[in-house]
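Note that the protein sequences, when read in sequence, are chains A and B.
The opening position of the first sequence corresponds to residue 1 in this note's numbering, with each subsequent residue numbered one higher.
The opening position of the second sequence corresponds to residue 1001 in this note's numbering, with each subsequent residue numbered one higher.
Heads up, the beta-carbon is just placed ideally off N, CA and C, and yes, glycines get one too.
To keep things clear, I will list the structure first and then write my remarks on it.
Number of protein chains: 2
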Amino acid sequence: MISTSSKSDRFRRQTAQLDLPPRVLLGPGPANVHPRVLTAMSTPPVGHLDPTFLAVMDEIQDLLRYAWQTENELTIAVSGTGSAAMEATLANVVEPEDVVLVGVKGYFGNRLVDMASRYGADVRTISKPWGQVFDLAEIKTALETHRPKILALVHAETSTGVKQPLEGLGELCQQYDCLLLVDTVTSLGGVPLSIDQSGIDLAYSCSQKGLGCPPGASPFTMSAKAIDKLNSRRTPVANWYLDMSLLSKYWGSERVYHHTAPINLYYGLREALRLVAEEGLEKRWQRHQTNAELLWQGLAELNLVCHVEQQYRLPTLTTVRIPDGVDGKAIAGKLLNEYNIEIAGGLGELGGKVWRIGLMGYNSRPENVILLLNALKQVLYF
Amino acid sequence: MISTSSKSDRFRRQTAQLDLPPRVLLGPGPANVHPRVLTAMSTPPVGHLDPTFLAVMDEIQDLLRYAWQTENELTIAVSGTGSAAMEATLANVVEPEDVVLVGVKGYFGNRLVDMASRYGADVRTISKPWGQVFDLAEIKTALETHRPKILALVHAETSTGVKQPLEGLGELCQQYDCLLLVDTVTSLGGVPLSIDQSGIDLAYSCSQKGLGCPPGASPFTMSAKAIDKLNSRRTPVANWYLDMSLLSKYWGSERVYHHTAPINLYYGLREALRLVAEEGLEKRWQRHQTNAELLWQGLAELNLVCHVEQQYRLPTLTTVRIPDGVDGKAIAGKLLNEYNIEIAGGLGELGGKVWRIGLMGYNSRPENVILLLNALKQVLYF
């Protein structure tokens, strides 16, 4: 018999069956999920080396290549949330003393700075006020000045609602022989984007925004040029879990065990990516744009001002200035508690100054726009 | 309108609805999952800062404290699989030049060596043949010789099926003023274990074995003494995603955003931990032991030999020697293809020499033992 003499029941907490409110998630993500994705996620797991699971992984890779418009062989889902995929891009190519130039125009630019520093990079930054974008000339000047090995930019800044134009960046980076690293967390699946046409060498995203899947398995892609830098490292990748020299052997034809994949999340991600392929990228991008414009128009009718100039606004995430005298947090609280609608406040510099409203993936639907606008009208003006 | 001129449909793969075989997972994990866990996982997500989700996180923390028998405040689930939680233990407390002593007696001991090296540790090792355990005197001698800051040992070696006795280790580590780090990946929820009584400072586990949950959210715990080492670091934690100085502010009362938690996995983990609390640890440990003994007896009747001496055998994972002249891979393939039963071959040194049979969590049931033994009999002898 097993000894039980001194076992403690102190934390043997009595809990009820999971019982959560039916939220409409119109913040910066997670967004609500298509019922087909939830059903797929609840499929009983098979093993992470089962031939049937390896086929699921292959399908995820192809469907991700479609969604991202890339032919990169190393296009996979990292077994963590978007921040893990973000860290994976830096961890694999940054070696101590490498100059990394980061364009900071919001919270996630700062996160790139923090992460790159931890891998020993010589980090240089250029900055813009939160809500603005960089123009090509500024970036060219900075490349000329800093001669970085990597230029890191956020395509869709979740903290500001800004869409950074990518035109011309690939050519510039080729000219200055540096890798182009782009955060597509809030653009993949909702905003026009082509990794290969834009000359992007490293990109990451998440599952819970434009792709409409729960969080936890996160898209990652790396060009042949970036792989060359990985292969010519003088030091091992300083992060075991995210080491692509090991992970590529599990996702590639060798099928060498690295870690146990989050099986059920991959089921969900596969279903979410199937939905993207079924809808088609043009239609999906157009849907996001149309519903965002509907939102912007309605906000204007409520005398609310968008923080970002229209041409640089993300269709997936809109920042709205909190009017003078209005308690932004109280309004968001009312939406949540009275109408089960989640929107978010600002992050970092924009804390207390804006609300963040997301229309992402499955949630980018006109009924959600109408619901939100009318609920907002109620809590603001009645 | 959005330009669609140059979009490629090359990877817009036609895929069918997910359709996977009904595997009985009797390998080293993942194991099958209680239907209640799958149902919980398919609950529509709420936001990662929603008050109702924060309550779910609190429940997970308490239920994990119960399962691990610890009062450690920093007891959380890392947003990755077991290997991420493993890396988290080292990343947070290892600083460059720290002496880390690793007891290597299997594949996962080697992984600890690899990971600790990447964080700049001065790694020392002691070794045992795969299938044996360390005794206290050997460890004492090694502590005396190497004077490490951290002693790392694997409680339940998934590659060998060995259970390392933990008695006396806590006192030894206190005497030599070093932190005790223990891998409990294949023991938590299935093998008697008390973090606090054993004087363990750092431990990690996974969700897909003894806890009977899909993989992807992994238990991590850290004592006050280990937190002191974290707080007195001269260098930042060299891993952003797993940095406990940041993560503890999300799981603690401050609720500062760090990353978007894998919401639905936490729903599943909560339900799996509820099942542990409902059953009670003594009963659960006893169930694992009873079913393992049933398996061992049946294997002996089939003239199969367990690789590990009975007193050191894990109830969760049994290594069985492949008889001379038998093609181990072919037998496992037949079990999978003819009976939908997954068992695994050996890892590393034991590759080709043993099969690994798991009876973990929900799968530790007499009907699985009978099924496996009779299927094995068929494919071996008929």
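Against chain B, the CB of Q208(A) has a partner CB under 8 Å away; the residue lies at that interface. Just so you know, the alpha carbons of L359(A) and I227(A) end up roughly 34 Å apart. Across the structure, N1363(B) and G1189(B) are spaced so that their CA atoms are roughly 12 Å apart. With a 10 Å radius around the Cβ and a threshold of 16 neighbouring Cβ atoms, N1032(B) comes out buried. The beta carbon of P1219(B) does not come within 8 Å of any beta carbon belonging to chain A, so the residue lies off that interface.
Taking the beta carbon of Y1241(B) as reference, the chain A residues within 7 Å of it are G80, S83, A84 and E87, listed in sequence order. Taking 8 Å as the cut-off, the Cβ atoms of G1268(B) and L25(A) do not count as close. Against chain A, a Cβ distance below 8 Å from E1059(B) picks out R13 and T15. The C-beta distance from H288(A) to T316(A) rounds to 6 Å, short enough to meet the 8 Å contact threshold.
Annotation: E1279(B) has no Cβ neighbours in chain A at a cutoff of 8 Å; minimum Cβ distance is about 11 Å. Contact between the segment 1213-1233 of chain B and the segment 1261-1278 of chain B is present, with at least three C-beta pairs closer than 8 Å.
Residue burial annotation: F1220(B) is buried, with at least 16 other C-beta atoms found within 10 angstroms of its C-beta. Rounded to whole angstroms, the separation of the alpha carbons of K1353(B) and D1327(B) is 10 Å. Around the CB of P1035(B), fewer than 16 other CB atoms lie within 10 Å, so the residue is classed as exposed. Here P28(A) is buried, its C-beta having at least 16 other C-beta atoms within 10 Å. Residue pairing by DSSP places P1219(B) opposite A1077(B) in a beta bridge.
G348(A) is a Cβ neighbour of S159(A), given a cutoff of 8 Å.
In the three-state DSSP reduction, Y204(A) falls in the strand class (E or B). Taking 9 Å as the Cβ-Cβ cut-off, the segment 1151-1182 of chain B has no residue approaching chain A.
Contact of L1314(B) with chain A by beta-carbon distance below 7 Å is absent, the smallest such distance being about 14 Å. Among the bridge pairs identified by DSSP, T318(A) is matched with I357(A). Within chain A, not a single residue places a beta-carbon under 7 Å from that of Y1204(B); the smallest gap is close to 12 Å. When the alpha-carbon of D183(A) is set against those of L49(A), N337(A), M86(A) and K105(A), the nearest one is in M86(A). Shown here for V1369(B): same chain residues with a beta carbon closer than 8 Å to its own, the five before and five after excluded, namely N1291, L1294, L1295, G1298 and L1359 in chain order. Taking a beta-carbon distance threshold of 8 Å, Q69(A) counts as an interface residue toward chain B.
CA-CA distance, K1334(B) to L1304(B), rounds to 18 Å. Between P148(A) and V185(A), the CB-CB gap reaches or exceeds 8 Å. DSSP places G103(A) in the strand class (E or B) of the three-state scheme. For A1238(B), a Cβ of chain A is located within less than 8 Å of the residue's own Cβ. Between the segment 53-62 of chain A and the segment 110-118 of chain A, the count of C-beta pairs closer than 8 Å stays below three; the two stretches do not touch. Using a CB distance cut-off of 8 Å, D1050(B) counts as an interface residue toward chain A.
In chain B, no part has a C-beta under 8 Å from the C-beta of N303(A); the shortest such distance is about 27 Å. Distance check between R1065(B) and each of G1325(B), Q1175(B), S1194(B) and R1356(B) places S1194(B) closest, using alpha-carbon atoms only.
Cα atoms of Q1197(B) and V1162(B): separation of roughly 21 Å, rounded to the nearest angstrom. Secondary structure remark: continuous beta strand (DSSP E) runs of at least 3 residues inside the segment 153-211 of chain A, in chain order: 179-183 and 202-204. Apart from sequence neighbours up to five positions away, the residues of its chain that approach R313(A) with a beta-carbon distance below 8 Å are G161, V162, K163, A292, W296 and C306, ordered along the chain.
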